[in-house]
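A short worksheet on the structure shown next.
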Amino acid sequence: MTAELIDGKAIAKKVRAEVKERAAAFAETYGRQPGLEVVLVGEDPASQVYVRNKERASNKVGIRGAAHRLPADASEAAVLELVGKLNADDAVDGILVQLPLPDHIDPNAVVDQIDAAKDVDGLGAVNAGLLVLGRQGLRPCTPFGCMRMLEEIGCDPKGKRAVVVGRSNLVGKPIAHLLLQKHATVTVAHSRTQDLPGVVGQADIVVAAVGVQGLVKGDWIKPGAVVLDVGINRADDGKLYGDVDFEPAAERASHITPVPGGVGPMTIAMLLSNTVDAAYARAAG
Ligand code: NAD
Numbered sequence: 048m049t050a051e052l053i054d055g056k057a058i059a060k061k062v063r064a065e066v067k068e069r070a071a072a073f074a075e076t077y078g079r080q081p082g083l084e085v086v087l088v089g090e091d092p093a094s095q096v097y098v099r100n101k102e103r104a105s106n107k108v109g110i111r112g113a114a115h116r117l118p119a120d121a122s123e124a125a126v127l128e129l130v131g132k133l134n135a136d137d138a139v140d141g142i143l144v145q146l147p148l149p150d151h152i153d154p155n156a157v158v159d160q161i162d163a164a165k166d167v168d169g170l171g172a173v174n175a176g177l178l179v180l181g182r183q184g185l186r187p188c189t190p191f192g193c194m195r196m197l198e199e200i201g202c203d204p205k206g207k208r209a210v211v212v213g214r215s216n217l218v219g220k221p222i223a224h225l226l227l228q229k230h231a232t233v234t235v236a237h238s239r240t241q242d243l244p245g246v247v248g249q250a251d252i253v254v255a256a257v258g259v260q261g262l263v264k265g266d267w268i269k270p271g272a273v274v275l276d277v278g279i280n281r282a283d284d285g286k287l288y289g290d291v292d293f294e295p296a297a298e299r300a301s302h303i304t305p306v307p308g309g310v311g312p313m314t315i316a317m318l319l320s321n322t323v324d325a326a327y328a329r330a331a332g
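Sequential numbering of the sequence shown, starting at 48, is according to our numbering.
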């Protein structure tokens, strides 16, 4: 392997240490800890683990983290009411509703109910709009984590060709805008893109966010490119794999994220960072 590994665990640890310091400084200045409230509807086992991890991670860095668990048959009105209550609570800086929600609840209605100043997942229409306009706002955690990784390895997107594979609202679209803001020339590829190998082959920065194991082949990668693999796919062998065929890609890339241990650990770290940002922004009025 010739590529340098981008160590998401180490970078996430550094982010959490920064957050801890800023959370302590916030508490000293304002007499309370920043607060993050996570709302979980139903008993989806993966979501339960995520929520528990978020609660734990918050408390470790001096953020008052709490989870609200509603039954799977909770009505949309009940969820909206809870979010409304958290919006009105001055000690709450960040609100996150764990997705997916049960089918009878409209996720857009719920996400848009979150006060934009507390939308630490950055997924509501207001923060998405601010991102597209290049204005200050809360950024979606996984894409924001990818940008932090580029910064940490000294990769300035300015003038570079970036190809994002995947156009979801959660990852693909926001990272394309973040890269654009950093002056990259951005192409967004997706399931209808023709000649995906040729498109990826032009990229100095490749972001794969698809959810198909090994979709991006090693020989598509331009020698020296930086590869960020957002994909998390559990294979039949029980192990996790990314969207990039790792070994051959690592023979051509200059830097590459492993799966697991790459982009994954950044998401919660950036959520905590967004929560402290939200706390300061709210306190500043
Ligand atoms: P999604 O299913 O919402 O979107 C997938 C995108 O991939 C779509 O835009 C689709 O057009 C595109 N696509 C599908 N098949 C394709 C193909 N053959 N060629 C090109 N493009 C294709 O997924 P998502 O929510 O964006 O997540 C993508 C992956 O990232 C998943 O594996 C998910 O688990 C992972 N993920 C990881 C983190 C993290 O913390 N690391 C966070 C979010 C998502």
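Positions of the beta carbon are idealized from the N, C-alpha and C atoms, including for glycine. From a predicted model like this one, the values you see are computed outputs, not experimental measurements.
> Per DSSP, which one or two residues make a beta bridge with residue 200?
Replying inline: BP columns for residue 200 are empty, so no partner.
>> Taking the alpha helix (DSSP H) that residue 71 belongs to, which residues open and close that run?
In response: 55 to 77
> Rounded to a whole number of angstroms, what is the C-alpha to C-alpha distance between residue 155 and residue 161?
Replying inline: 10 Å
> Relative to the ligand NAD, is the shortest distance from any of its heavy atoms to the C-beta of residue 115 smaller than 8 Å?
Replying inline: no
> Just to confirm, does residue 290 get its C-beta within under 8 Å of one of the non-hydrogen atoms of the ligand NAD?
Replying inline: yes
> What separation, rounded to the nearest whole angstrom, lies between the Cα atoms of residue 118 and residue 207?
Replying inline: 47 Å
> Is it true that the CB of residue 233 sits closer than 9 Å to the CB of residue 272?
Replying inline: no
>> Please tell me whether residue 166 and residue 157 are closer than 9 Å, where the distance is taken between their beta carbons.
In response: no
> The alpha helix (DSSP H) with residue 294 in it runs from where to where?
Replying inline: 293 to 297
> Which one of 318, 319, 284 and 290 has the shortest CA to CA distance from residue 278?
Replying inline: 290
> If residue 55 sits next to residue 219, beta carbons under 8 Å apart, how far is it from one beta carbon to the other, in whole angstroms?
Replying inline: That pair is no contact at about 19 Å.
> Do you know how far the Cα of residue 114 is from the Cα of residue 94?
Replying inline: 12 Å
> Relative to the alpha-carbon of residue 102, which residue among 152, 231, 142 and 306 has its alpha-carbon at the smallest distance?
Replying inline: 142
>> I need the DSSP call for residue 114, collapsed to helix, strand or coil.
In response: strand
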